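First residue of the sequence shown: 10, per my numbering; consecutive thereafter. Okay, structure first, notes after.
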Amino acid sequence: MKFLPSIYFFLIMSLIVRFTYGQSLDTDINNYKLKPFGIGINVELPRSYSFYLPSSSITLTFNILDKLRIEPEVGIRTYTRDEGSSYKSKNKGIIYILGTYGIINKNKVGFIYGLKLGYSSEFSEYKSSTMVNYETYEAKGILFGPVIGIEYFFSEHFTIAGEIFPNYYSKKVKDYQDDDIKQKEWITNTGLKFRFYL
């Protein structure tokens with residue numbers, strides 16, 4: 010049942026593409042080529058590996074010969090919480106992802122398939138009124154899995170895409186007791202990507 014949101018998301022994206030498919034590009038479709046470089050933002054729904062990791066990331070898109078895409082992503086999250094003497098915390102998380110995709114273009118629609126590989130790092134220190142010293146939490150992990158998606162071209166320079174990313178995530182946690190704890194999970198992420206091509 011946990012895959013239902015991903016299935017609904019993919020069906021909705023398919024319907025959006027279906028009902029907008031007949032519109033024409035501002036340029037001649039027969040001469041249309043993917044731009045070699047783009048920049049964008051990826052918003053995942055949700056990225057639930059950890060509360061400390063960001064749910065969005067900046068992407069750089071490199072298209073090679075209209076058939077191959079290489080796309081690094083990086084997301085950073087930092088925040089503090091201060092409730093006076095009762096509770097204080099400082100938290101940060103960063104995630105790096107490299108995606109490699111094949112692309113099938115048909116007029117305004119691109120079908121994407123490929124793989125993602127990523128690395129995450131988290132750190133938190135916190136203290137409550139019952140603690141003498143700050144306690145820490147630190148974790149590092151890797152993730153990988155296949156990706157499928159649809160990209161819709163509003164113009165030669167702007168697109169919106171939907172992706173499904175079922176992936177395996179493994180991390181090693183070190184808490185204030187210096188215990189090395191290994192955590193593993195399978196998770197299906199869905200996301201939207203907004204790209205601007207130069």
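A virtual CB, placed ideally from N, CA and C, is assigned to each residue, including glycine. Just so it is clear, the structure is predicted and the values come from calculations on it, not from any experiment.
I'd like to know whether the C-beta atoms of Gly84 and Asn51 end up nearer to each other than 9 Å. One-based indexing of the sequence shown puts residue 84 at position 75. One-based indexing of the sequence shown puts residue 51 at position 42. For Gly84 and Asn51, yes; Cβs fall inside 9 Å.
Could you give the first and the last residue of the continuous beta strand (DSSP E) run that contains Glu147? Reading the sequence shown from its first residue, position 138 is the one you call residue 147. 144-162 is the span of the beta strand (DSSP E), which, as asked, contains Glu147.
Taking Cβ to Cβ, would you say Asp184 is nearer than 9 Å to Tyr146? The sequence position of residue 184 within the sequence shown is 175, counting from 1. The sequence position of residue 146 within the sequence shown is 137, counting from 1. Cβ atoms of Asp184 and Tyr146: closer than 9 Å.
Spatial neighbours of Lys202 within its chain, please: C-beta separation below 6 Å, excluding the five flanking residues on both sides. What you label residue 202 is simply residue 193 of the sequence shown in a count that begins at 1. Taken in chain order, the residues that qualify are Gly49, Asn51, Ala170.
Classification of Pro155 by the beta-carbon crowding that lies within 10 angstroms, buried from 16 upward: As a first step, residue 155 is located in the sequence shown; it is residue number 146 there, counting from the start. Classification for Pro155: exposed.
Spatial distance of Lys76 from Gly47 (CA atoms): As a first step, residue 76 must be located in the sequence shown, where it is residue number 67. As a first step, residue 47 must be located in the sequence shown, where it is residue number 38. Their backbone Cα atoms lie some 15 Å apart in a straight line.
When Thr109, Ser137, Ser130, Tyr135 are compared against Leu124, the one with the closest alpha-carbon: Your numbering for residue 124 matches position 115 in the sequence shown. Taking the Cα of Leu124 as reference, the smallest distance to any Cα among Thr109, Ser137, Ser130, Tyr135 is reached at Thr109.
Could you tell me which residues DSSP pairs with Asp184 in its beta bridges? Along the sequence shown, read from residue 1 onward, the residue named residue 184 stands at position 175. The partner list for Asp184 (beta bridge, DSSP) reads Tyr146.
Using the C-alpha atoms, what's the distance from Arg90 back to Lys136? Numbered from 1 along the sequence shown, position 127 holds the residue referred to as residue 136. Numbered from 1 along the sequence shown, position 81 holds the residue referred to as residue 90. So the two alpha carbons sit approximately 10 Å from each other.
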